[in-house]
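Engineer: In the UniProt record's numbering, the protein residues as written are 1 to 175.
For every residue, glycine included, the Cβ atom is placed at its ideal position computed from N, Cα and C.
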Ligand code: ADP
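1. What do you reckon, is the C-beta of residue 126 under 7 Å from a heavy atom of the ligand ADP?
2. Taking 8 Å as the threshold (C-beta atoms), are residue 151 and residue 118 in contact?
3. Pick out the complete beta strand (DSSP E) segments inside the segment 92-132, 3 residues or longer, and give them in chain order.
4. Ordered along the chain, which non-local residues of its own chain (more than five positions away) have a Cβ less than 6 Å from that of residue 63?
5. Consider the C-beta atom of residue 136 and the heavy atoms of the ligand FAD; say whether any pair is separated by less than 7 Å.
6. Short of 7 Å in beta carbon distance, which residues of its chain neighbour residue 72, apart from the five on each side in sequence? Order them along the chain.
7. Once the 5 residues before and after residue 32 are set aside, which same chain residues still bring their CB inside 7 Å of it?
8. Would DSSP call residue 71 helix, strand or coil?
9. Is residue 156 near the ligand ADP - that is, is its Cβ less than 7 Å away from at least one heavy atom of it?
10. Since residue 164 and residue 10 should fall inside the 8 Å C-beta cutoff, what is the C-beta to C-beta distance between them, to a whole number of angstroms?
11. Can you tell me the Cβ-Cβ gap for residue 61 and residue 25, rounded? I've got them flagged as a contact below 8 Å.
12. Beta-carbon separation of residue 6 and residue 168 under 8 Å?
13. So, are the CB atoms of residue 133 and residue 122 less than 8 Å apart?
14. With 16 other CB atoms within 10 Å as the buried threshold, where does residue 55 fall?
15. Given the structure, does residue 31 come close to the ligand ADP, in the sense that its CB is under 7 Å from one of the ligand's heavy atoms?
16. Is residue 122 a contact residue of the ligand ADP, with contact defined as CB to any heavy atom under 7 Å?
17. For residue 145, is the classification buried or exposed, using 16 other Cβ atoms within 10 angstroms of its Cβ as the cut-off for buried?
18. Quick one: Cα of residue 8 to Cα of residue 158, how far?
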């Protein structure tokens with residue numbers, strides 16, 4: 001049974017076995033969460049990402065997949081990088097967004113991570129509406145087959161936190 005917690009915070013300040021990065025497929029850094037993780041985590045994360053580019057992901061990490069690196073100076077053992085889909089109003093890409101959460105948990109299981117912190121993937125620069133992003137995130141984690149004990153959603157601002165809280169109440173078993 002996985003416990004789901006919500007916190008309003010900067011994900012780079014969190015302590016967890018693994019911190020998930022809303023990366024882009026280049027794995028070479030970007031804005032938002034990605035930029036913050038590389039800034040605070042230091043150059044070791046980028047060095048691992050470059051090594052992954054040189055070996056397994058020469059064409060970049062495909063959308064919906066996940067891969068782990070060191071967490072550098074962050075208060076975590078691993079960063080799990082996943083590439084969310086860009087939101088498109090005329091096309092249903094929700095399976096790819098769900099895949100980001102599921103694949104990140106699969107990688108966490110492989111690593112033996114007990115606690116995992118997630119940002120709200122795709123809800124920043126990639127434009128996914130927060131309410132729908134929260135619904136997909138919570139549903140996917142709630143139904144995932146994983147040994148991760150605690151999933152923590154780290155929401156950057158109060159509106160995002162409130163939206164996740166409303167969705168979590170709604171999906172609480174027994175209600
Ligand atoms: P994406 O490209 O997948 O949309 P972003 O990093 O642009 O990724 O945004 C994803 C979500 O993370 C947004 O809701 C954004 O507000 C939030 N965010 C940005 N910086 C941080 C941070 N340091 N900690 C937690 N969440 C963050």
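Structural biologist: Reading it off the structure:
1. As a position in the chain shown, residue 126 is number 126, starting the count at 1. Checking every heavy atom of the ligand ADP against the Cβ of residue 126, one is found closer than 7 Å.
2. In the chain shown, the residue the question calls residue 118 occupies position 118. In the chain shown, the residue the question calls residue 151 occupies position 151. A contact, by the Cβ cut-off of 8 Å.
3. 115-118
4. Position 63 of the chain shown holds residue 63. Cβ neighbours of residue 63 beyond the five flanking positions: 83, 85, 96.
5. Ligands present in the displayed structure are limited to the ligand ADP, and the ligand FAD is not among them.
6. Against the chain shown, residue 72 aligns to sequence position 72. Excluding residues within five positions, the ones whose Cβ falls inside 7 Å are 41, 42, 44, 45.
7. Taking the chain shown and counting its residues from 1, one reaches residue 32 at position 32. So the list reads 22, 124, 125, once near-sequence residues are dropped.
8. For the purposes of this step, residue 71 is taken as the residue at position 71 of the chain shown. Note: residue 71 maps to coil in three-state DSSP.
9. Your numbering for residue 156 matches position 156 in the chain shown. Checking every heavy atom of the ligand ADP against the Cβ of residue 156, one is found closer than 7 Å.
10. Taking the first residue of the chain shown as 1, we reach residue 164 at position 164. Taking the first residue of the chain shown as 1, we reach residue 10 at position 10. Rounded, the Cβ-Cβ distance is 16 Å, inconsistent with contact.
11. Residue 61 sits at position 61 when you count from the first residue of the chain shown. Residue 25 sits at position 25 when you count from the first residue of the chain shown. Contact flag correct, Cβ pair sits at about 5 Å.
12. On the chain shown, residue 6 is found 6 positions in, with the first residue counted as 1. On the chain shown, residue 168 is found 168 positions in, with the first residue counted as 1. Contact flag set, yes.
13. Counted from its first residue, the chain shown places residue 133 at position 133. Counted from its first residue, the chain shown places residue 122 at position 122. Yes, Cβ-Cβ distance for residue 133 and residue 122 is below 8 Å.
14. The residue given as residue 55 occupies position 55 in the chain shown. By the 10 Å Cβ count, residue 55 comes out exposed.
15. Sequence index remark: in the chain shown, residue 31 carries index 31 (1-based). Residue 31 Cβ: within cutoff of the ligand ADP.
16. Locating residue 122 in the chain shown gives position 122, where the first residue counts as 1. Yes.
17. Translated into positions along the chain shown, residue 145 becomes position 145. Exposed.
18. Your numbering for residue 8 matches position 8 in the chain shown. Your numbering for residue 158 matches position 158 in the chain shown. So the alpha carbons of these two residues sit roughly 7 Å apart.
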